[in-house]
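Here's the structure we're looking at; comments come further down.
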Amino acid sequence: EAQVTQNPRYLITVTGKKLTVTCSQNMNHEYMSWYRQDPGLGLRQIYYSMNVEVTDKGDVPEGYKVSRKEKRNFPLILESPSPNQTSLYFCASSSGVGAGELFFGEGSRLTVL
Amino acid sequence: AQRVTQPEKLLSVFKGAPVELKCNYSYSGSPELFWYVQYSRQRLQLLLRHISRESIKGFTADLNKGETSFHLKKPFAQEEDSAMYYCALRGNTGGFKTIFGAGTRLFVKA
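Line by line, the protein sequences give chains A and B. Residues in the first sequence are numbered consecutively from -19, following this note's numbering. Residues in the second sequence are numbered consecutively from 57, following this note's numbering.
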């Protein structure tokens, strides 16, 4: 089944403890992106990647890192999480520049205490 | 600056009534506009896009470049339409990133 898979789905952690949220897609998509969803703010883009080894900042990149070593994986790294990073995170992918539709993962709910 | 505005956070209508979810955008070029929907306990999924000019689940949306709007409409709302709806804009420069509005929660009452 074609899909975007995120892990973990739920995580409670403490300030400063590094964590990684994984994202994997099996559709051979070139474009991948991370969003955070907060009440009243909709989805805001954190980072995106046009292809392997090509990443760029979105609108709210502070406090996050990403990497794209393989086409299928696009992990989101929080080196030193803070409470303001408590949010619902979505990974999405699409087939490339000419394609518009984004395919989303199920979301990862992160709580930073 | 690119921006998508959905003025209503919550829209409540009765079953069988018409529904219109508003979306206005700001973009200096020719963007691609989308509506995404998130049903309870499901992932976000594409509902429709303006270039397709199609009706999905009875919903339609017309791109009005003069008013920079892309409102979503359905003549007769159904209970199963209750969901969170996001309007989205995909630019044709700057990485082709997609930006989203804040979302409108539609509640269809029996």
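All C-beta atoms in this analysis are idealised placements derived from N, C-alpha and C, irrespective of residue type, glycine included. Model, not experiment: these values are computed from the prediction.
Beta-carbon separation of residue i and residue j under 9 Å?
i, j, result
"A/S13", "B/T154", "yes"
"B/E88", "B/I107", "yes"
"A/V(-16)", "A/Y69", "no"
"B/V93", "B/K165", "no"
"A/V40", "A/I57", "no"
"B/K65", "B/A133", "no"
"A/E81", "B/F115", "no"
"A/F54", "A/S4", "yes"
"A/S88", "A/H9", "no"
"B/Q58", "B/G122", "no"
"A/E86", "B/R99", "yes"
"B/L102", "B/E110", "no"
"A/L93", "A/T(-5)", "yes"
"B/S84", "B/V60", "no"
"A/S29", "A/Y15", "no"
"A/S73", "A/K(-2)", "no"
In chain A, which residues lie less than 8 Å from residue i when you measure between Cβ atoms?
i, result
"B/E88", "G80"
"B/L77", "The contacting residues do not exist; B/L77 stays about 13 Å from chain A at best."
"B/L27", "Nothing can be reported for residue 27 of chain B: it is not among the residues displayed for chain B, which extend from 57 to 166."
What are the residues that DSSP puts in a beta bridge with residue i?
i, result
"A/T2", "A/N(-13)"
"B/E88", "B/R146"
"A/Y44", "In DSSP, A/Y44 forms no bridge with anything."
"A/D36", "A/Y28"
"B/C79", "Answer is none; B/C79 lacks a bridge partner."
"A/Y11", "A/S74"
"A/L68", "A/Q17, A/R89"
"B/L66", "B/R161"
"B/Q101", "B/V93"
"B/I107", "According to DSSP, B/I107 bridges with nothing at all."
Taking C-beta pairs closer than 7 Å, name the residues in chain B that residue i reaches, listed in chain order.
i, result
"A/L23", "Y142, F156"
"A/F54", "What A/F54 touches in chain B: nothing, since even the nearest Cβ is about 14 Å away."
"A/G38", "K153"
Round the Cβ separation of residue i and residue j to the nearest angstrom and send it over; I've been treating them as touching at under 8 Å.
i, j, result
"B/A158", "B/Q62", "5 Å"
"A/D36", "A/Y44", "12 Å between Cβ atoms; not a contact."
"A/C71", "A/Q(-14)", "5 Å"
"B/F163", "B/S138", "5 Å"
"B/Y142", "A/G22", "6 Å"
"A/E33", "A/R52", "About 14 Å separates the two Cβ atoms, so there is no contact after all."
"B/L77", "B/L128", "4 Å"
Taking C-beta pairs closer than 7 Å, name the residues in chain A that residue i reaches, listed in chain order.
i, result
"B/G159", "G22"
Since residue i meets chain E, which of its residues come closer than 8 Å, beta carbon to beta carbon?
i, result
"B/K65", "Absent here is chain E; the protein component of the structure consists of chains A and B."
Can you pull the chain B residues whose beta carbon is under 8 Å from the beta carbon of residue i, in chain order?
i, result
"A/G87", "R99"
Fill in: Positions along the segment 104 to 121 of chain B whose CB lies within less than 8 Å of some CB in chain A
If the cut-off is 8 Å between Cβ atoms, the segment 104 to 121 of chain B has R105, I107 near chain A.
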